[in-house]
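**Student:** When you line the sequence shown up against the numbering used here, it's residues 7 to 157, in that order.
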Amino acid sequence: MSSCYFFFIQQASSNTSSTKLIFYIFIMQFFMKCLALLPLFTMAVSGASKFADTCQNIEGRGTQIRADCRENEHGQYRTSTLDLNRCIKNNKGGLKCGKNGELSASCIHCSLRGHTELECMCRNVKEGHPYVRTNIDLNKCISNNHGELGC
7 MSSCYFFFIQ QASSNTSSTK LIFYIFIMQF FMKCLALLPL FTMAVSGASK
57 FADTCQNIEG RGTQIRADCR ENEHGQYRTS TLDLNRCIKN NKGGLKCGKN
107 GELSASCIHC SLRGHTELEC MCRNVKEGHP YVRTNIDLNK CISNNHGELG
157 C
């Protein structure tokens with residue numbers, strides 16, 4: 007297609023207004039194609055964004071989280087549940103994102119504070135402090151992938 011534009015620009019080189027018109031048409035078509043691709047780019051980015059931006063009715067009980075998450079750009083929602091043992095681990099008394107972290111193996115009394123902050127009492131390696139209170143923003147570890155919560 008660009009070879010067609012090049013041909014027309016060469017043919018119209020003697021006429022400056024024709025050249026400008028063809029150039030403007032080319033630029034408009036380019037921007038229209040970019041606009042057409044914008045929804046695809048937005049969907050790709052939303053997969054990596056904070057899950058709380060596209061989920062509502064977020065609830066947590068222990069190491070389970072449940073939310074109604076948007077499936078698509080049309081606003082349809084689906085209820086999804088995720089076991090946080092799959093996404094979060096205890097690292098020396100601090101919560102960190104990590105696949106198959108087995109959070110409940112070394113943390114107790116986990117609860118959701120607000121909509122996205124997980125708080126637990128986790129084993130610590132320091133003597134005299136077997137458990138410490140720690141928390142993590144779940145937006146760092148959890149994503150919404152077309153209505154399904156994931157790590």
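Glycine included, each C-beta is placed from N, C-alpha and C at the ideal position.
Note that the structure is a prediction, hence the values are computed from the model and not measured.
1. Check whether the Cβ atoms of K102 and C157 lie closer than 8 Å to each other.
2. With a threshold of 8 Å between beta-carbons, can D89 be considered close to chain C, or not?
3. Which residues does DSSP pair with Q62 in a beta bridge?
4. For N91, does the three-state DSSP call read helix, strand or coil?
5. Does the distance from the CB of I94 to the CB of L124 come in under 8 Å?
6. Mind checking who V131 pairs with in its DSSP beta bridge?
7. If distances are taken between C-alpha atoms only, which option among N130, T69 and A58 comes closest to G100?
**Tutor:** Looking at the coordinates:
1. Taking the sequence shown and counting its residues from 1, one reaches residue 102 at position 96. Taking the sequence shown and counting its residues from 1, one reaches residue 157 at position 151. Taking 8 Å as the Cβ cut-off, K102 and C157 do not qualify as a contacting pair.
2. Absent from the structure is chain C; it holds one protein chain and no more.
3. Mapped onto the sequence shown, residue 62 falls at position 56. Q62 is bridged to D74.
4. As a first step, residue 91 is located in the sequence shown; it is residue number 85 there, counting from the start. N91: helix per DSSP, three-state reduction.
5. Here the question's residue 94 lines up with position 88 in the sequence shown. Here the question's residue 124 lines up with position 118 in the sequence shown. It is a contact, given that the beta carbons lie within the stated cut-off.
6. Counting from 1 along the sequence shown, the entry for residue 131 is found at position 125. Answer is none; V131 lacks a bridge partner.
7. Position 94 of the sequence shown, counting from 1, holds the residue named residue 100. Considering only alpha carbons, the answer is N130.
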